[in-house]
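**Student:** Per the working numbering, the very first residue in the sequence shown carries number 3; after that it's consecutive.
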Amino acid sequence: MMMAMCATERRRPHAHFTRWLLMAGCVLASSLQIHAQGETPPRNDVVAGELLIERPTLISLGFEWRIEGDANGNATTIVRFRKAGDVQWRDYLPLYRIGLGLKIQNSMIGRGAYYEIPDALAGSIMDLEPGTEYEVRLELRDPDGVSGEAVRSLRLKTRSEPVVPATPVEVRHVYPPDHKGDKEKPVFENIMHAVNGYPPICDTYQTIHPFAAKPGTVIKMHAGVHTYDNNLYWKDGKPQFSYWLHGTITLVASGTAEQPIYIVPAGDGEVILDGAGAHNLFNVRSADYLHFEGLTIRNTDIAFFGGFQGERGGGCKGLTVRNCWIENVVYGVLAQDGRSEDFTLTDNVILGRNPADRLGHFGSTTAGYAVNLSGQGHAVAHNYAANFWDGINVFTSALADPKYGQQARAIDFYNNDIHNCSDQFIEADGGFANIRMLRNRCFNCPSQPLSIQPVHAGPVYWIRNIVWNAGGGKMTMKNNNGAQVLLFLHNTSSTHMKMPPNNGQKPEQGTWIIQNNLSIGPAGDFPLLEYCEGAAGPNHVISHNAYNKAAENAPCLINKKNVGNLAALREKTGYEAGSLFVDGYDVFAHAPEPPHTKRNAPLVFPDDVDLSLKPGAAPVDTGAIIAGINDGFTGKAPDIGALELGWPLPVYGPRGGFYLERLKNLRQGHNTP
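#1: Once DSSP output is grouped into helix, strand and coil, what is the label at tyrosine 406?
#2: On a CA-only basis, which of Asp392, Glu137, Asp144 is nearest asparagine 46? Give me that one, please.
#3: Taking a contact to mean a Cβ-Cβ separation below 8 Å, would you say threonine 513 touches asparagine 541 in this structure?
#4: Using the three-state DSSP reduction, which class does glutamine 511 fall into: helix, strand or coil?
#5: On a CA-only basis, which of Lys563, Arg438, Gly576 is nearest histidine 546? Give me that one, please.
#6: Do alanine 280 and threonine 252 have their C-beta atoms within less than 8 Å of each other?
#7: Does the region 154-167 come into contact with the region 96-107, if we say contact requires no fewer than three beta-carbon pairs (one atom in each stretch) closer than 8 Å?
#8: Excluding the five sequence neighbours on either side, which residues of its own chain have a C-beta within less than 8 Å of the C-beta of alanine 591, listed in chain order?
#9: Which of helix, strand or coil does DSSP assign to histidine 598?
#10: Rounded to the nearest angstrom, what separates leucine 353 and alanine 268 at their Cα positions?
#11: Excluding the 5 residues flanking threonine 348 on each side, which residues of the same chain have their C-beta closer than 6 Å to its C-beta?
#12: Using CA atoms only, rank isn't needed, just tell me which of Gly317, Arg341, Glu329 is closest to arginine 664.
#13: DSSP on isoleucine 193, reduced to helix/strand/coil?
#14: CB threonine 59 to CB histidine 380, shorter than 8 Å?
#15: By Cβ distance, which residues of its chain are closer than 7 Å to isoleucine 80, with the 5 residues on each side in sequence left out?
#16: Using the Cα positions of aspartate 527 and arginine 572, report the straight-line distance between them to the nearest angstrom.
#17: Go ahead and pull the three-state DSSP assignment for aspartate 623.
#18: Taking asparagine 471 as the reference, give the member of Asp93, Pro120, Leu63, Pro594 with the closest Cα.
#19: Give me the residue from Gly460, Gln311, Phe213 with the minimum Cα distance to glutamine 408.
#20: For tyrosine 116, does the count of other Cβ atoms within 10 angstroms reach 16, so buried, or fall short, so exposed?
#21: Do proline 451 and glycine 473 count as a contact pair if the criterion is CB distance below 8 Å?
#22: Return the bridge partner residues of serine 453 from the DSSP annotation.
#23: Select from Ser521, Glu532, Gly433, Cys444 the residue whose C-alpha is nearest the C-alpha of alanine 485.
#24: For tryptophan 327, which of Val153, His672, Asn350, Phe445 has the nearest alpha-carbon?
#25: Should aspartate 2 be labelled buried (16 or more other beta-carbon atoms within 10 Å of its own) or exposed?
#26: Could you name the residues of the same chain whose beta carbon sits closer than 6 Å to that of isoleucine 127, not counting the 5 residues immediately before and after it, in chain order?
#27: Ordered along the chain, which non-local residues of its own chain (more than five positions away) have a Cβ less than 7 Å from that of arginine 669?
#28: Since asparagine 282 sits in a beta bridge, which residues does DSSP pair it with?
#29: Any idea what DSSP makes of arginine 657, helix, strand or coil?
#30: Tell me whether serine 495 is buried or exposed, calling it buried when 16 or more other Cβ atoms sit within 10 Å of its Cβ.
#31: Using the beta-carbon count (16 or more within 10 Å), is valine 89 buried or exposed?
#32: If we call anything under 8 Å between Cβ atoms a contact, is arginine 99 one with alanine 73?
#33: Could you check what DSSP says for leucine 662 in three-state terms: helix, strand or coil?
#34: Kindly identify the DSSP beta-bridge partner or partners of valine 351.
#35: Could you check what DSSP says for leucine 104 in three-state terms: helix, strand or coil?
#36: So, at 7 Å on beta carbons, what are the nonlocal neighbours of proline 652 in its own chain, with the 5 sequence-adjacent residues on each side left out?
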């Protein structure tokens with residue numbers, strides 16, 4: 003078998019496609035004004051500029067290397083890395099070209115406010131180990147010549163997983179208000195008292211106090227239901243220690259990156275923090291490095307609020323929420339300020355208010371997201387999220403222009419288990435660069451399941467995600483405002499590969515790498531695939547995908563124009579080399595065709611489906627080799643789809659926690675835990 007082309011290579015377009023591009027280029031050239039005498043023409047060689055290193059996450063490093071020149075857009079960056087102390091270097095995906103004169107809306111709703119993407123090469127190294135030092139070597143290359151410092155050698159470290167210390171700086175105890183019996187000392191009235199240093203009494207919310215918790219303090223929450231009557235001001239001649247009137251726990255004392263302030267169970271039973279209908283339970287927008295772990299949080303609109311965009315004092319840093327059960331909420335974590343940094347949101351169960359027994363509910367309660375955030379350096383991983391409008395999102399209206407301090411970049415969503423959303427499972431909307439979605443499992447959604455409207459520049463990475471029973475089977479990606487650099491690799495879906503129109507970027511301005519995807523959409527009156535404006539570009543690699551044989555004669559669309567079936571598209575563009583048709587759902591170990599139905603329909607549960615490939619199925623050993631993405635494949639070539647035959651299955655959702663038996667019930671289709 004001929005080995006497939008690596009995605010890092012730039013292939014020569016098909017002859018017909020080349021003529022198409024030449025004709026388009028002639029039209030473009032005729033519309034340009036001739037340079038005035040003495041004016042410096044665009045230069046094709048590249049000049050190395052500033053290298054921007056993004057905030058690391060637990061598993062990723064991100065880069066943006068500014069350049070000058072390279073008017074023809076053929077510069078690239080070779081990426082190699084190794085763990086510090088290792089001998090062998092590993093090859094990885096390159097950095098990708100952004101800029102090239104592309105002007106985009108400053109935000110999705112910022113009509114008329116344009117921002118020009120700077121000339122640079124951007125990209126990530128992913129799936130690294132937390133808290134580990136790496137050596138990275140970046141080499142700038144251009145066939146037209148390179149000047150400046152063309153090779154950069156770096157020593158960088160990923161963020162470490164937050165861990166509650168065995169020996170705290172201080173311990174403070176909080177008991178539920180109805181607790182009877184002895185109490186460990188020092189004891190505090192409630193969380194605000196323990197963290198801020200002063201108890202909220204009636205309408206006195208003193209948040210600045212000398213007795214505030216110091217960095218490294220552990221707040222031990224004792225078993226029971228911690229709830230308060232938010233309308234109770236005075237009782238039996240005494241002022242009440244409650245969150246009077248609004249029910250919000252406003253925290254302002256901060257830890258540090260090395261020593262957060264920890265709010266954790268004391269170990270004597272389940273700790274339930276009941277919001278009693280409060281709009282917002284935890285307001286953490288003015289507190290940095292708070293660590294919440296092992297708690298049950300319920301009955302509030304917003305469990306954790308990190309601030310709206312641009313608020314004075316907004317944008318908290320280092321928020322950790324781990325191993326928590328969060329239920330009956332509109333938002334699990336809402337943090338829309340781009341000054342937010344380094345969140346760790348892992349191993350939580352987050353349950354919204356939409357009905358848990360039907361698909362895509364619409365109505366007065368339909369709202370909210372499990373996670374919605376902006377900023378940089380975030381890791382959102384191994385969560386179970388269900389019954390929301392959207393699952394896990396970047397903030398759609400994050401701004402492109404860095405002068406406002408409201409960019410969203412260097413964000414990881416991985417190994418999340420997302421179920422029953424009314425709109426999208428995951429939105430990268432609003433991201434600027436290095437937005438990374440890896441190994442997420444997504445079941446049941448009536449709308450377009452994934453979204454990039456817009457990712458301002460890119461890259462945006464979608465790698466080894468699963469989408470099942472979504473979009474009526476018609477569409478995988480909502481792409482109305484596009485991404486300049488898109489990588490869509492090794493995904494499995496029960497939908498067709500449809501990515502409708504984007505922001506109209508010129509073909510030569512974009513880079514799309516779409517390979518090794520298993521798209522088993524239904525037979526019917528749907529396009530097999532649709533690529534949008536800008537798709538017919540020389541930098542794109544679209545190959546080695548697999549489609550449902552039942553849709554073999556379905557049309558393929560580019561720029562909304564029907565170019566015929568897959569064979570006709572391949573002949574015209576050279577795309578889809580190595581792509582094939584497979585026997586539908588029979589390629590899987592056990593996966594009956596989902597109903598592809600719309601709203602208020604029965605759900606499909608992950609425990610009833612096994613999307614592993616059958617040995618000998620057509621997608622096995624027929625994929626493209628992609629450096630750093632499918633290293634260690636088990637056969638003659640990588641498999642097409644999210645799950646490589648012979649590899650251990652990914653862990654989707656929480657890896658542990660006090661609630662695992664409850665979660666098992668939910669995953670098996672029981673509506674209550």
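Glycine included, every Cβ here is placed at the ideal spot set by N, Cα and C.
**Tutor:** Reading it off the structure:
#1: helix
#2: Asp144
#3: yes
#4: helix
#5: Gly576
#6: no
#7: no
#8: Asp612, Leu613, Ser614, Leu615, Lys616
#9: coil
#10: 24 Å
#11: Arg324, Ala383, His384
#12: Glu329
#13: helix
#14: yes
#15: Pro96, Glu141, Arg143
#16: 21 Å
#17: coil
#18: Pro594
#19: Gln311
#20: exposed
#21: yes
#22: Glu429, Lys480
#23: Gly433
#24: Asn350
#25: No statement about residue 2 is possible, as the shown extent of the chain runs from 3 to 675 and does not include it.
#26: Leu63, Phe83, Tyr94
#27: Phe607, Pro608, Asp609
#28: Ile304
#29: coil
#30: buried
#31: exposed
#32: no
#33: helix
#34: Trp327, Tyr386
#35: coil
#36: Asn417, Arg441
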